[in-house]
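In the working numbering, the protein residues as written are 273 to 756.
Where a beta carbon is used, it is the ideal one built from N, C-alpha and C, also for glycine.
Some notes on the structure that comes next.
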Amino acid sequence: MAFNIRTKIKDLLVREVTNQGVIVMGWVRTFRSNRFIALNDGSTINNIQIVVDFENTDEALLKRITTGACIKVSGQLVPSVGSGQQVEIKADTIEILGDSDAEKFPLQPKKHSLEFLREIAHLRMRTNTFGAVFRVRNTLASATHEFFQGRGFVYWNSPIITASDAEGAGEMFRVTTLPIDGSAPRTDDGSIDFSQDFFGKSTNLTVSGQLEGELGAMAFSEIYTFGPTFRAENSNTTRHLAEFWMIEPEMAFYDIEDNMNLAEAYIKFLIKAALERNADDLKFLDDRLKEEEKSLPQDKRSELGLIEKLEFVLNNEFERITYTEAIDILRNSTPYKKKKFQYDVQWGIDLQSEHERYLVEKHFKKPVIVTGYPAAIKAFYMRMNDGCEPGKETVAAMDILAPGIGEIVGGSQREERYDKLIARMDAMGVPTHEMEWFLDTRRFGGCPHSGFGLGFERMVQFVSGMTNIRDVIPFARTPKNCEY
Ligand code: 4AD
Ligand code: MG
């Protein structure tokens, strides 16, 4: 007989019919008074209470019901007499599926710091906080597919190993099978001879699936990728991972405005899905954030609670401004005038996170879409805006900035005009001879098209209210850190 004949705790907790036999399996959170087990199986943040008839239960078995142990319980689902829950289970039999030595199990039934839990990331998903975060993450992943599938987009897989540098940023992890002890083959000029490497050329982990995504869009009109991307940038911040997941839709026949509309609708769809499907998790995370912010000075605390913030974002239009307007707002701001910004503000700079945060958190107090960035600070594939003042060329870029996060989406209308694209690649030193395949999209039936990339972990941060990106991915990869 199959083993798995249990009911998930989430389903039991909402069951209206009681006094029936049920089987549950899960991990013990607490066991108090030798009588009440709080059991969790990850299907919900809520535990089910198991009532043990300890007088008729073997002493040795009782001792094995410890925090962290995995058990199977058969019993009767009954209305609960105690407060705090509708139903509970009167245990008939309890079976230990896996012991957990209470002395050694690192998760004690008390509050642990996020820093401590990061050290035991292989167990932290068994806590309320991380259970909630990863269930929210799951909802956002599922809702991503629902959103794009619902609009007829084709799910498209760009390669993980690639020979191109999509962003031209050069912060890539090299992929090679050549020896690293100095004995790798060399060319006449002394450089490493990658023609003898596994792929016969120099390769790396992808920083973005966009360029291959554009090829897909030129066939299916609308595609989206959802995969891991890698950046070897040495940024030890609460917003950067070396391995992160990105959703990159790419659409033929979209201009920058269509692109913004899609991105805003997508973000709202994700928020709505989480509010609907993760009410208990978000309530917990909301309370947790309020608790955490108690130790902060008043002006550092969020004005809105987590759920209030999500509802606000869902129900209000994102602000849309140009880069030039953003610079004007910043130069007229109090922190600028009082020299509180660390970085100077003038037309042409890349907006620093302090600037982005001022715009969304202090000035507009909502997500902001910034368009029309200077061409010089953006990638080669972005479409040149027509009619720019010489020296003030801008591109049809759009970044979405979110409160507490900063940049959550980066995208643009793409340069579909072959000559302009080549000129830009030459100017930026992007090797055109290695990218003939990409240029073919402009040679053979090119069209106006657009796309964007949403940083999945930053979105999970936004929805869960977690302040450190290391806490929204199961196994974070950051500089000097690659456990598991
Ligand atoms: O702005 P980025 O670099 O844009 C691209 O890669 C484009 N090719 C996307 C496209 O148009 N298809 O990255 C997109 C998003 C950022 O807005 C940010 O949310 C996230 O990816 N991101 C990171 N998230 C975590 N850790 C990092 N190191 C990240 N770098 C970018
Ligand atoms: Mg960007």
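For residue i: DSSP bridge partner residues
i      : result
Asp671 : Val642 and Gly682
Ile343 : Gly298 and Ile368
Glu360 : Gln321 and Val350
Ile745 : DSSP output for Ile745 lists no bridge partner at all.
Tyr427 : Tyr496
Trp517 : Pro500
Thr329 : The partner list for Thr329 (beta bridge, DSSP) is empty, contrary to what the question assumes.
Glu522 : Ile495 and Gly723
Phe303 : Ile309
Ile433 : Leu477
Thr666 : Pro646
Met731 : BP columns for Met731 are empty, so no partner.
Thr750 : Asn753
Limits of the alpha helix (DSSP H) - the one that residue i falls within
i      : result
Tyr538 : Ile528 to Arg549
His627 : Ser625 to Arg629
Met700 : Tyr690 to Met700
Leu762 : Look at the range of the chain in this structure, 273 to 756, and you will see that residue 762 is not part of it.
Glu387 : Leu386 to Glu391
Simplified DSSP assignment, three categories, for residue i
i      : result
Thr399 : coil
Pro607 : helix
Phe724 : strand
Leu334 : helix
Gln292 : strand
Asn276 : coil
Val447 : strand
Glu755 : coil
Arg714 : helix
Thr459 : coil
Ile677 : coil
Arg573 : coil
Ile774 : The question about residue 774 has no answer here: the residues shown for the chain are numbered 273 through 756.
Ile464 : strand
Thr411 : helix
Thr243 : Only positions 273 to 756 of the chain appear in the structure, and residue 243 is not among them; the question remains open.
Host beta strand (DSSP E) of residue i (start-end)
i      : result
Leu513 : It is not in any beta strand (DSSP E) - Leu513 carries neither H nor E in the DSSP assignment.
Ser355 : Where Ser355 is concerned, there is no enclosing beta strand (DSSP E), given that its DSSP letter is neither H nor E.
Ile579 : No beta strand (DSSP E) contains Ile579, which is instead part of the alpha helix (DSSP H) from Leu578 to Asn587.
Leu311 : Phe308 to Asn312
Thr739 : It is not in any beta strand (DSSP E) - Thr739 carries neither H nor E in the DSSP assignment.
Glu591 : Glu591 to Thr594
Along the chain, which unbroken stretches of the alpha helix (DSSP H) at least 4 residues long are found entirely within the segment 466-506? 482-492
Is the segment 584-603 in contact with the segment 637-653, if contact means three or more CB pairs nearer than 8 Å? yes
Is the segment 738-748 touching the segment 701-708, taking contact as three or more C-beta pairs under 8 Å? no
Segment contact, 8 Å Cβ cut-off, at least three pairs: the segment 654-661 with the segment 540-556: no
The segment 413-425 contacting the segment 464-481, beta-carbon criterion three pairs below 8 Å: no
Does the count of Cβ pairs from the segment 445-456 and the segment 471-491 closer than 8 Å reach three? yes
Three or more C-beta pairs closer than 8 Å, one from the segment 368-383 and one from the segment 330-348: is that the case here? yes
Looking at C-beta atoms only, is the number of pairs between the segment 304-314 and the segment 382-395 that lie closer than 8 Å three or more? no
At least 3 beta-carbon pairs within less than 8 Å: the segment 560-571 vs the segment 519-537: no
Mind the definition here: the segment 517-535 touches the segment 450-464 only if three or more C-beta pairs lie below 8 Å; say whether that holds. no
Can we say the segment 590-609 touches the segment 562-581, given the rule of at least three CB pairs closer than 8 Å? no
Between the segment 290-308 and the segment 322-338, do three or more beta carbon pairs fall short of 8 Å? yes
Does the pairing of the segment 344-363 with the segment 278-294 give three or more beta-carbon distances under 8 Å? yes
Touching by the beta-carbon criterion (3+ pairs, under 8 Å), the segment 509-519 and the segment 390-402: no
Quick test of the definition: if touching needs 3 or more C-beta pairs under 8 Å, does the segment 590-602 touch the segment 496-508? no
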